[in-house]
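A.B. asks: In this text, residue positions in the sequence shown follow UniProt numbering: the first is 1, and each later residue adds one.
Each residue gets a CB set at the ideal place from its N, CA and C atoms; glycine is no exception.
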Amino acid sequence: MQAQQSFGNHTDGVLYLVPTPIGNLQDMTFRAVQTLKDVDLIAAEDTRNTQKLLNHFEIETKQISFHEHNTNERIPQLIEKLQAGLSIAQVSDAGMPSISDPGQELVAQCVTQQIAVVPLPGANAGLTGLIASGLISQPFYFYGFLGRKDGQQEEELQQLMARPETLIFYEAPHRLKKTLTNMVAIFGEERQTVLARELTKKHEEFLRGSLGELLAWATTENVRGEFVILLAGNTNPDKQIDENQTPINQQIGRLIKDGLAPNVAIKQVAKQRNLNRQEVYKNYHQL
Numbered sequence: 001m002q003a004q005q006s007f008g009n010h011t012d013g014v015l016y017l018v019p020t021p022i023g024n025l026q027d028m029t030f031r032a033v034q035t036l037k038d039v040d041l042i043a044a045e046d047t048r049n050t051q052k053l054l055n056h057f058e059i060e061t062k063q064i065s066f067h068e069h070n071t072n073e074r075i076p077q078l079i080e081k082l083q084a085g086l087s088i089a090q091v092s093d094a095g096m097p098s099i100s101d102p103g104q105e106l107v108a109q110c111v112t113q114q115i116a117v118v119p120l121p122g123a124n125a126g127l128t129g130l131i132a133s134g135l136i137s138q139p140f141y142f143y144g145f146l147g148r149k150d151g152q153q154e155e156e157l158q159q160l161m162a163r164p165e166t167l168i169f170y171e172a173p174h175r176l177k178k179t180l181t182n183m184v185a186i187f188g189e190e191r192q193t194v195l196a197r198e199l200t201k202k203h204e205e206f207l208r209g210s211l212g213e214l215l216a217w218a219t220t221e222n223v224r225g226e227f228v229i230l231l232a233g234n235t236n237p238d239k240q241i242d243e244n245q246t247p248i249n250q251q252i253g254r255l256i257k258d259g260l261a262p263n264v265a266i267k268q269v270a271k272q273r274n275l276n277r278q279e280v281y282k283n284y285h286q287l
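Shown next as structure tokens:
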């Protein structure tokens, strides 16, 4: 067992986790500004981006880069500085550190080394979108970004299909259509969905409707802005269609009708049923 007193006297330095605005700079808290002024060093995901924030609030604290590509190199350096008594604030480009952003590995190492970790509350896109979505706000299941590799996203969505909680995802504009297409294929067209776009910014917008309606919108629009995707939970998780009882070609045909390319549908069904993809391909095309 390990106990941490966040505001006691510490032999080592302290790691502060400082959320930054997700768009509107006025969402920066007084405590966050003061913490960034008081610490010895700021570990930033993108020092150029964070410098704009520091300039706005007249913060002169020195920065060091800390992002997903230099984690292994940087963590020992930061731990050494903390053990020497320096205080460090860790920030991501927007929102809360460790939530779909760098941070968790550094926190874990601090906990292992018994270095105090002090979190500050602040902006979070997922919860901001959730409370205005009109969907059930709790329980919810935060997932963040889905996988990028072929087939990975479909597999992840399959695992989430029966969850009864409101689901929360993040997505970039250039991937929105593909992600919604996969969601329609897995969840069906009728699942109630909300797209929260550009939260806290000038062009903040909420698009509410069925998955099918929102996919149709994304297909015809020039999609811009960062998105939070919120899906209503499955109200009948115990009544899922047992796909393994459906004829293979019928299952593939349904996925194609829902928008998947034939080869993607074949690959998905083969993987789901643990079958040889080439055999499923030959069977479907009657080769």
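1) Just to check my reading of the structure: L135 and A232 have Cβ atoms closer than 8 angstroms, yes? What is that Cβ distance to the nearest angstrom?
2) I need the straight-line Cα distance from T112 to A270, nearest angstrom please.
3) With DSSP as the reference, label residue 290 as helix, strand or coil.
4) Report the rounded CA-to-CA distance for Q128 versus L176, giving the unit in angstroms.
5) Just reading off the alpha helix (DSSP H) that I42 is part of, what are its end residues?
6) So what's P173 in DSSP terms, helix, strand or just coil?
7) Nearest to A217 by alpha carbon, out of I256, N70, T193 and Y16?
8) Roughly how many whole angstroms lie between the Cα atoms of K62 and M96?
9) Within the continuous alpha helix (DSSP H) that includes V111, where are the two ends?
10) Among A196, I229, G103 and N55, whose alpha-carbon lies nearest the alpha-carbon of K178?
11) Report yes if the C-beta distance between V184 and L146 is below 7 angstroms; otherwise report no.
12) Does the Cβ-Cβ distance between Q268 and E154 come in under 7 angstroms?
13) Quick one: complete beta strand (DSSP E) runs, 3+ long, within the region 43-103?
14) Going along the chain, which residues of its own chain have a beta-carbon closer than 6 angstroms to the beta-carbon of E190, five neighbours each way excluded?
15) Taking C-alpha atoms, which residue in L36, K149 and E226 lies nearest to A89?
16) To which residues does DSSP link S210 through a beta bridge?
17) Decide if the region 117-127 is in contact with the region 17-24; the criterion is three or more beta carbon pairs, one per stretch, under 8 angstroms apart.
18) Applying the 10 Å Cβ sphere with the 16-neighbour rule, what's the burial state of I241?
19) Classify A162 as buried or exposed, calling it buried when 16 or more other Cβ atoms lie within 10 Å of its own Cβ.
20) Can you give the beta carbon distance from I75 to E105, rounded, assuming they're within the 8 angstroms contact cut?
21) For L231, which three-state DSSP category applies?
22) Pick out whichever of P262, L260, A196 and F7 has its Cα sitting closest to the Cα of F227.
23) Cβ atoms of I168 and F140: under 7 angstroms apart, would you say?
C.D. replies: Checking against the coordinates, here is how it stands:
1) Position 135 of the sequence shown, counting from 1, holds the residue named residue 135. Position 232 of the sequence shown, counting from 1, holds the residue named residue 232. Between L135 and A232 a beta carbon distance of about 5 angstroms is seen, short of the 8 angstroms cut, so the two are scored as contacting.
2) Sequence index remark: in the sequence shown, residue 112 carries index 112 (1-based). Sequence index remark: in the sequence shown, residue 270 carries index 270 (1-based). Rounded to the nearest whole angstrom, the C-alpha separation of T112 and A270 is 43 angstroms.
3) The structure shown does not extend to residue 290, since the chain is modelled only from 1 to 287, so the question has no answer here.
4) The sequence position of residue 128 within the sequence shown is 128, counting from 1. The sequence position of residue 176 within the sequence shown is 176, counting from 1. First, the amino acid is wrong: residue 128 is Thr here, not Gln. The alpha-carbon atoms of T128 and L176 are separated by roughly 19 angstroms.
5) Here residue 42 is taken as the residue at index 42 of the sequence shown, counted from 1. I42 -> not in any alpha helix (DSSP H); beta strand (DSSP E) instead, spanning L41 to A44.
6) Here residue 173 refers to the residue found at position 173 of the sequence shown. Reduced to three states, the DSSP call for P173 is helix.
7) Translated into the one-based positions of the sequence shown, residue 217 becomes position 217. In the sequence as presented, Ala is not what sits at residue 217; that position holds Trp. Measuring C-alpha to C-alpha distances from W217 to each of I256, N70, T193 and Y16 identifies T193 as the nearest.
8) On the sequence shown, residue 62 is found 62 positions in, with the first residue counted as 1. On the sequence shown, residue 96 is found 96 positions in, with the first residue counted as 1. Take the alpha-carbon of K62 and the one of M96: they are about 20 angstroms apart.
9) For the purposes of this step, residue 111 is taken as the residue at position 111 of the sequence shown. Boundaries of the alpha helix (DSSP H) harbouring V111: Q104 to T112, taken from the DSSP string.
10) The count along the sequence shown starts at 1 and reaches residue 178 at position 178. Cα-wise, what sits closest to K178 is I229.
11) By one-based count along the sequence shown, residue 184 stands at place 184. By one-based count along the sequence shown, residue 146 stands at place 146. No. Outside cutoff.
12) Here residue 268 refers to the residue found at position 268 of the sequence shown. Here residue 154 refers to the residue found at position 154 of the sequence shown. Yes; because the gap between Cβ atoms is below 7 angstroms, this pair is in contact.
13) Runs found: 63-65 and 88-91.
14) Indexing the sequence shown from 1 puts residue 190 at position 190. These residues qualify, in order along the chain: S210.
15) Here residue 89 refers to the residue found at position 89 of the sequence shown. Per the C-alpha coordinates, the member of L36, K149 and E226 positioned closest to A89 is L36.
16) The residue labelled residue 210 in the question sits at position 210 within the sequence shown. Q192.
17) Contact check between the region 117-127 and the region 17-24: three or more CB pairs, one atom from each, fall below 8 angstroms, which counts as touching.
18) Here residue 241 is taken as the residue at index 241 of the sequence shown, counted from 1. Unreliable placement is indicated for I241, whose pLDDT of 49 sits below 50; the coordinate value is still reported in the next sentence. Counting of Cβ neighbours within 10 angstroms places I241 among the exposed residues, the total staying below 16.
19) In the sequence shown, residue 162 corresponds to position 162, counting from 1. Under the 10 Å beta carbon count, A162 is surrounded by fewer than 16 other beta carbons and is classified as exposed.
20) Counted from its first residue, the sequence shown places residue 75 at position 75. Counted from its first residue, the sequence shown places residue 105 at position 105. Indeed, because the Cβ distance is near 6 angstroms, the residues count as touching under 8 angstroms.
21) What you label residue 231 is simply residue 231 of the sequence shown in a count that begins at 1. Looking at L231 - three-state DSSP - the assignment turns out to be strand.
22) The sequence position of residue 227 within the sequence shown is 227, counting from 1. Of the listed residues, the one whose Cα sits closest to F227 is A196.
23) Start at 1 with the first residue of the sequence shown, and residue 140 comes out as number 140. Start at 1 with the first residue of the sequence shown, and residue 168 comes out as number 168. Using a Cβ distance threshold of 7 angstroms, F140 and I168 count as a contacting pair.
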